[in-house]
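Just below is one structure, and these are the notes that go with it.
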Amino acid sequence: MSNIESVLNEVRVFEPSAEFVKQANVSGMQAYQALCKAAEQDYPGYWANLARETLQWKKPFTKSLDESNAPFFKWFEDGELNVSYNCLDIHLAERAEKTAIIFESDDGKVSKVSYRELHGRVSQFANGLKSRGIGKGDRVVIYLPMSIEAVVAMQACARIGAIHSVVFGGFSAKSLHERITDAKACAVITADAQMRGGKQMPLKPIVDEALATGGCESVHSVIVYRRSGNNVEWNDGLDIWWHDLFNSQPTHCEPEWVGAEHPLFILYTSGSTGRPKGVQHSSAGYLLGAMLSMKWVFDYKDSDIFWCTADVGWVTGHSYVAYGPLAMGATQVVFESVPTYPDAGRFWKMVQDHKVTTFYTAPTAIRSLIKLGGELPKQYDLSSLRLLGTVGEPINPEAWMWYYNTVGQGRCPIVDTWWQTETGSHMIAPLPGAMPIKPGSCTLPLPGIMASIVNEAGDEVHDQHGGFLVIKRPFPSQIRTIWGDPERYRKSYFPEEMHGYYLAGDSAHRDDDGYFWIMGRIDDVLKVSGHRLGTMEIESALVANPLVAEAAVVGKPHEIKGEGIVAYVVLKGSRPSDPNKSREIAEDLRNWVSKTIGPIAKPDEIRFGDNLPKTRSGKIMRRLLRAIANGEEISQDVSTLENPAILDQLKNAI
Ligand code: PRX
Numbered sequence: 021m022s023n024i025e026s027v028l029n030e031v032r033v034f035e036p037s038a039e040f041v042k043q044a045n046v047s048g049m050q051a052y053q054a055l056c057k058a059a060e061q062d063y064p065g066y067w068a069n070l071a072r073e074t075l076q077w078k079k080p081f082t083k084s085l086d087e088s089n090a091p092f093f094k095w096f097e098d099g100e101l102n103v104s105y106n107c108l109d110i111h112l113a114e115r116a117e118k119t120a121i122i123f124e125s126d127d128g129k130v131s132k133v134s135y136r137e138l139h140g141r142v143s144q145f146a147n148g149l150k151s152r153g154i155g156k157g158d159r160v161v162i163y164l165p166m167s168i169e170a171v172v173a174m175q176a177c178a179r180i181g182a183i184h185s186v187v188f189g190g191f192s193a194k195s196l197h198e199r200i201t202d203a204k205a206c207a208v209i210t211a212d213a214q215m216r217g218g219k220q221m222p223l224k225p226i227v228d229e230a231l232a233t234g235g236c237e238s239v240h241s242v243i244v245y246r247r248s249g250n251n252v253e254w255n256d257g258l259d260i261w262w263h264d265l266f267n268s269q270p271t272h273c274e275p276e277w278v279g280a281e282h283p284l285f286i287l288y289t290s291g292s293t294g295r296p297k298g299v300q301h302s303s304a305g306y307l308l309g310a311m312l313s314m315k316w317v318f319d320y321k322d323s324d325i326f327w328c329t330a331d332v333g334w335v336t337g338h339s340y341v342a343y344g345p346l347a348m349g350a351t352q353v354v355f356e357s358v359p360t361y362p363d364a365g366r367f368w369k370m371v372q373d374h375k376v377t378t379f380y381t382a383p384t385a386i387r388s389l390i391k392l393g394g395e396l397p398k399q400y401d402l403s404s405l406r407l408l409g410t411v412g413e414p415i416n417p418e419a420w421m422w423y424y425n426t427v428g429q430g431r432c433p434i435v436d437t438w439w440q441t442e443t444g445s446h447m448i449a450p451l452p453g454a455m456p457i458k459p460g461s462c463t464l465p466l467p468g469i470m471a472s473i474v475n476e477a478g479d480e481v482h483d484q485h486g487g488f489l490v491i492k493r494p495f496p497s498q499i500r501t502i503w504g505d506p507e508r509y510r511k512s513y514f515p516e517e518m519h520g521y522y523l524a525g526d527s528a529h530r531d532d533d534g535y536f537w538i539m540g541r542i543d544d545v546l547k548v549s550g551h552r553l554g555t556m557e558i559e560s561a562l563v564a565n566p567l568v569a570e571a572a573v574v575g576k577p578h579e580i581k582g583e584g585i586v587a588y589v590v591l592k593g594s595r596p597s598d599p600n601k602s603r604e605i606a607e608d609l610r611n612w613v614s615k616t617i618g619p620i621a622k623p624d625e626i627r628f629g630d631n632l633p634k635t636r637s638g639k640i641m642r643r644l645l646r647a648i649a650n651g652e653e654i655s656q657d658v659s660t661l662e663n664p665a666i667l668d669q670l671k672n673a674i
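21 is the number of the first residue of the sequence shown in my numbering; add one for each residue after it.
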């Protein structure tokens with residue numbers, strides 16, 4: 021455990037104002053502790069009560085948690101409901117005319133839809149899907165830009181019991197193909213193009229390329245939303261315009277009532293091996309997690325204007341754009357573009373224009389906005405804000421302080437939310453009216469989340485030492501399995517030595533107040549701009565290039581992105597001696613990775629060597645590669661290395 025000692029010593033503590041505490045949904049530490057105690061005393065009963073109070077059931081459940089086939093847990097299994105009904109229909113009586121979505125496009129055009137309109141659109145599109153023969157249990161890949169339509173598409177799938185799998189619009193044809201074939205999707209919903217930062221980027225041509233790769237015979241429909249109006253290639257038997265499918269449909273669609281455990285969606289994410297994992301979520305447990313965290317962590321009020329800046333291609337955009345806010349009946353902002361267009365004041369202008377009260381973004385965005393316009397927030401009226409949040413990676417205390425003082429004007433608590441694609445909703449995060457916050461700490465687990473820190477043997481560590489972050493008991497919003505690969509699910513998250521605990525894949529430590537501090541991943545997963553990328557995935561992409569014999573990828577701290585990507589590459593031919601030639605090949609390989617996986621995976625640096633540092637048994641010593649990437653002296657024993665001389669070569673390589 022020597023490699024996960026904490027070096028951070030942050031001592032600042034920020035109490036919520038008396039005013040905030042007074043109005044909070046969970047007000048004061050005692051109220052938080054009372055909830056935790058209730059969970060400890062009767063764990064299944066605690067969750068059953070919350071599930072009954074929070075969700076609308078078509079058929080009530082009789083049993084809360086079934087652990088008989090661990091780790092394939094089941095929650096509220098004999099209950100029936102529909103997620104889209106819980107997000108839309110339930111609001112029609114009291115807030116039909118309330119704005120559900122304020123959409124702002126790349127060029128600043130604003131359009132709004134009420135709950136009544138959204139309900140109508142979702143129903144219409146759901147009927148459209150049904151008219152193509154799509155129904156319960158079918159997989160639908162969604163490859164759309166941030167838009168009202170993306171939310172409509174997800175909700176429409178939920179309405180008819182189809183299982184969506186959203187693929188981030190920045191992923192390549194190969195990544196898309198991998199996801200379509202793994203899920204055996206019957207339909208792909210896309211747009212002709214997406215607009216970001218004044219630029220148009222194609223989407224439909226990428227879908228065409230993915231489908232042309234072969235193995236996608238399961239796809240019988242490609243539904244295309246017209247965003248740019250550009251001409252696109254058309255496959256008559258397969259393609260249909262969104263408006264043609266949608267316009268003729270009635271605005272009523274009876275929801276498909278499904279069992280609580282019916283899969284709501286699959287979302288692919290990176291793991292330690294090359295192949296992305298299809299994280300499968302449930303219906304009831306997932307929605308319960310999204311709603312409770314809206315209430316507890318975002319302290320949600322009916323008067324809030326909520327804005328989560330995440331793309332629906334990531335889990336954050338599922339739980340805190342497509343589902344959580346709608347289930348709560350919130351008015352939320354959905355933004356098509358990037359925070360730096362037309363300038364780095366865009367977020368702050370939008371907060372001002374739409375009177376946003378709750379703003380949730382990623383540390384990488386905060387860092388880049390500090391760099392590009394640290395004083396810009398002062399030019400806007402940010403007085404509507406009452407709560408700020410972060411997600412996706414640790415936030416460094418300097419960025420936290422800027423967010424707190426310059427954006428929040430010292431008035432707004434910051435909820436630093438730790439969770440994962442697999443957990444579905446927040447796990448460790450402040451309840452902002454209950455507990456003081458500390459810059460860089462995600463504070464304490466949500467009531468009922470039994471988070472802890474253990475050593476390699478799965479035994480709890482109680483002092484300040486680092487260890488593996490685990491969750492000791494199953495919880496409703498957790499991953500149910502990996503699509504098509506239950507064994508990988510069991511092995512990845514419930515390894516034998518962990519006594520049945522959920523192993524998150526992060527290291528962490530706790531301070532004297534019991535606050536959690538996340539220290540980083542324990543596996544070969546990088547967090548680049550908050551996005552999860554497996555080193556193996558990038559390595560596989562590199563070795564697929566005809567020039568490359570071998571590759572090893574490591575992370576390196578990066579000022580804006582949090583973590584940057586350094587790739588060590590052994591070419592099939594000899595290592596280029598001319599630096600210009602090296603640079604040229606490096607550039608080609610960087611572009612190759614960008615094209616193979618997507619621009620987010622483009623290495624920042626490529627170094628060529630005649631070989632890689634390996635043990636005699638052939639294992640690549642990544643720790644050494646990490647040290648070299650960081651320009652650190654190598655202090656550890658290298659006597660087990662097959663080829664110690666390679667270290668000097670890699671140190672000096674470009
Ligand atoms: O390493 C942790 C980091 O992001 C990982 C989960 O990534 P992903 O599944 O892509 O989900 C991101 C959005 C929930 C975690 O294992 N992470 C997430 N939130 C935080 C974090 N690290 C530190 N602090 C956080 N608040």
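Where is the CB? At the ideal position from N, CA and C, for every residue including glycine.
Less than 8 Å between the C-beta atoms of D531 and Q484, yes or no?
For the purposes of this step, residue 531 is identified with residue 511 of the sequence shown, where counting begins at 1. For the purposes of this step, residue 484 is identified with residue 464 of the sequence shown, where counting begins at 1. Yes. Within cutoff.
Taking 7 Å as the cut-off, is the C-beta of I538 nearer than that to any heavy atom in the ligand PRX?
Your numbering for residue 538 matches position 518 in the sequence shown. Under cutoff, so the answer is yes.
Minimum length 4: unbroken alpha helix (DSSP H) runs contained in the region 338-410:
For the region 338-410, the full-length alpha helix (DSSP H) segments reaching 4 residues or more read 344-347, 366-374, 383-393 along the chain.
Sequence-distant residues of the same chain with beta carbon closer than 6 Å to P664, five excluded per side
One-based indexing of the sequence shown puts residue 664 at position 644. These residues qualify, in order along the chain: V658.
Answer yes or no: the CB of G582 versus the heavy atoms of the ligand PRX, is any distance below 7 Å?
Translated into the one-based positions of the sequence shown, residue 582 becomes position 562. No; taking the cut-off as 7 Å, the Cβ of G582 has no heavy atom of the ligand PRX nearer than that.
What's the gap between the Cα of Y63 and the Cα of W334?
In the sequence shown, the residue the question calls residue 63 occupies position 43. In the sequence shown, the residue the question calls residue 334 occupies position 314. Here the C-alpha atom of Y63 lies approximately 30 Å from the C-alpha atom of W334.
Check for me: the alpha helix (DSSP H) holding I226 runs from which residue to which?
For the purposes of this step, residue 226 is taken as the residue at position 206 of the sequence shown. Taken as a continuous stretch (DSSP letters only), the alpha helix (DSSP H) holding I226 covers 224-232.
Any heavy atom of the ligand FAD closer than 7 Å to the CB of Q300?
The ligand FAD is not part of the structure shown, which contains the ligand PRX as its ligands.
Classify A54 as buried or exposed, calling it buried when 16 or more other Cβ atoms lie within 10 Å of its own Cβ.
For the purposes of this step, residue 54 is taken as residue 34 along the sequence shown, with counting starting at 1. It is exposed - the Cβ of A54 has fewer than 16 other Cβ atoms within 10 Å.
Report the three-state DSSP secondary structure of L284 (helix, strand or coil).
One-based indexing of the sequence shown puts residue 284 at position 264. Three-state DSSP puts L284 in coil, outside helix and strand.
K57, buried or exposed, once every other Cβ within 10 Å from all chains shown has been counted against 16:
If you number the sequence shown from 1, residue 57 lands on position 37. It counts as exposed.
Should R541 be counted as a contact of the ligand PRX given a C-beta to heavy atom distance under 7 Å?
Position 521 of the sequence shown, counting from 1, holds the residue named residue 541. Correct: R541 has its Cβ closer than 7 Å to the ligand PRX.
Other residues of its chain near I448: CB distance less than 6 Å, five sequence neighbours each side excluded:
Taking the sequence shown and counting its residues from 1, one reaches residue 448 at position 428. Taken in chain order, the residues that qualify are W438, C462, P465, A471, F536.
Please name the residue in P619, P494, Y513, V586 whose C-alpha comes closest to that of E87.
In the sequence shown, the residue the question calls residue 87 occupies position 67. The shortest C-alpha to C-alpha distance from E87 to any of P619, P494, Y513, V586 is the one to P494.
Once you ignore the five residues that flank A17 on each side, which residues in its own chain have a CB closer than 6 Å to its CB?
There is no way to answer for residue 17, as the model of the chain reaches only from 21 to 674.
Beta-carbon proximity check, A561 vs T616, cutoff 8 Å
Numbered from 1 along the sequence shown, position 541 holds the residue referred to as residue 561. Numbered from 1 along the sequence shown, position 596 holds the residue referred to as residue 616. Yes, the pair counts as a contact, with Cβ atoms nearer than the cut-off.
The region 256-273 touching the region 71-91, judged by at least three CB pairs closer than 8 Å
No, because fewer than three Cβ pairs between the region 256-273 and the region 71-91 fall closer than 8 Å, the two stretches do not touch.
Using three-state DSSP, classify D668 as helix, strand or coil.
The sequence position of residue 668 within the sequence shown is 648, counting from 1. Helix.
Whole-angstrom distance between W262 and I558, CA atom to CA atom
Position 538 of the sequence shown, counted from the start, is the residue given in the question as residue 558. Position 242 of the sequence shown, counted from the start, is the residue given in the question as residue 262. Spanning the two alpha carbons is a distance of roughly 34 Å.
When the distance is taken between beta carbons, is G525 closer than 8 Å to D505?
Taking the first residue of the sequence shown as position 1, residue 505 is located at position 485. Taking the first residue of the sequence shown as position 1, residue 525 is located at position 505. Between D505 and G525, the C-beta gap is not smaller than 8 Å, which leaves the two residues out of contact.
For L112, count the other beta carbons within 10 Å of its own beta carbon; 16 or more makes it buried, fewer makes it exposed. Which is it?
The residue you call residue 112 lines up with position 92 of the sequence shown. It is exposed - the Cβ of L112 has fewer than 16 other Cβ atoms within 10 Å.
Assuming contact is defined by CB atoms lying nearer than 8 Å, are K118 and G99 in contact in what I supplied?
By 1-based counting over the sequence shown, the position of residue 118 is 98. By 1-based counting over the sequence shown, the position of residue 99 is 79. Cβ distance not < 8 Å, so K118 and G99 don't count as in contact.
May I ask you to report which of helix, strand or coil DSSP gives N23?
Taking the sequence shown and counting its residues from 1, the one referred to as residue 23 is at position 3. Legend: pLDDT at N23 = 42, less than 50; position of this residue unreliable, value from coordinates given subsequently. Looking at N23 - three-state DSSP - the assignment turns out to be helix.
Counting beta carbon pairs with one atom in the region 163-174 and one in the region 337-356, are three or more of them shorter than 8 Å?
Contact holds: three or more Cβ-Cβ distances are below 8 Å.
Based on the DSSP output, what are the partners of C56 in its beta bridges?
Against the sequence shown, residue 56 aligns to sequence position 36. Note: C56 sits in no beta bridge, so no partner.
Member of T555, A211, F40 whose CA lies at the smallest distance from the CA of R646:
Translated into positions along the sequence shown, residue 646 becomes position 626. Proximity to R646 across T555, A211, F40 peaks at T555, based on C-alpha coordinates.
What does the Cβ neighbour count give for K297, buried or exposed, with the cut at 16 atoms within 10 Å?
In the sequence shown, residue 297 corresponds to position 277, counting from 1. K297 comes out buried.
Counting along the chain, where does the alpha helix (DSSP H) carrying T74 start and finish?
By one-based count along the sequence shown, residue 74 stands at place 54. First-last of the alpha helix (DSSP H) with T74: 63-74.
By a C-beta neighbour count over all protein chains shown, 10 Å radius and 16 as the cutoff for buried, is S637 buried or exposed?
Along the sequence shown, read from residue 1 onward, the residue named residue 637 stands at position 617. Exposed, by the Cβ-count rule.
What is the residue span of the alpha helix (DSSP H) that A146 lies within?
Taking the first residue of the sequence shown as position 1, residue 146 is located at position 126. Its alpha helix (DSSP H) spans residues 135-151.
Please determine, among T378, P222, R179, G235, the residue with the shortest C-alpha to C-alpha distance to C206.
On the sequence shown, position 186 is the one that residue 206 refers to. Among T378, P222, R179, G235, the Cα nearest to that of C206 belongs to G235.
Straight-line gap, S22 to I654 (C-alpha atoms, nearest Å):
Residue numbering aside, residue 22 sits at position 2 when the sequence shown is read from its first letter. Residue numbering aside, residue 654 sits at position 634 when the sequence shown is read from its first letter. Because S22 sits at a pLDDT of 39, beneath the cut-off of 50, its placement in the model cannot be relied upon, and the point is left open.
Going by alpha carbons, who is nearest to V563 out of L591, E579, A454, G550?
Locating residue 563 in the sequence shown gives position 543, counting from the first residue. Answer by Cα proximity: L591.
Got a sec: does the ligand PRX put a non-hydrogen atom nearer than 7 Å to the Cβ of Q440?
As a working mapping, residue 440 is identified with position 420 in the sequence shown. The ligand PRX has a heavy atom closer than 7 Å to the beta-carbon of Q440.
Rounded separation between N250 and I620 - CA only:
For the purposes of this step, residue 250 is taken as residue 230 along the sequence shown, with counting starting at 1. For the purposes of this step, residue 620 is taken as residue 600 along the sequence shown, with counting starting at 1. Spanning the two alpha carbons is a distance of roughly 26 Å.
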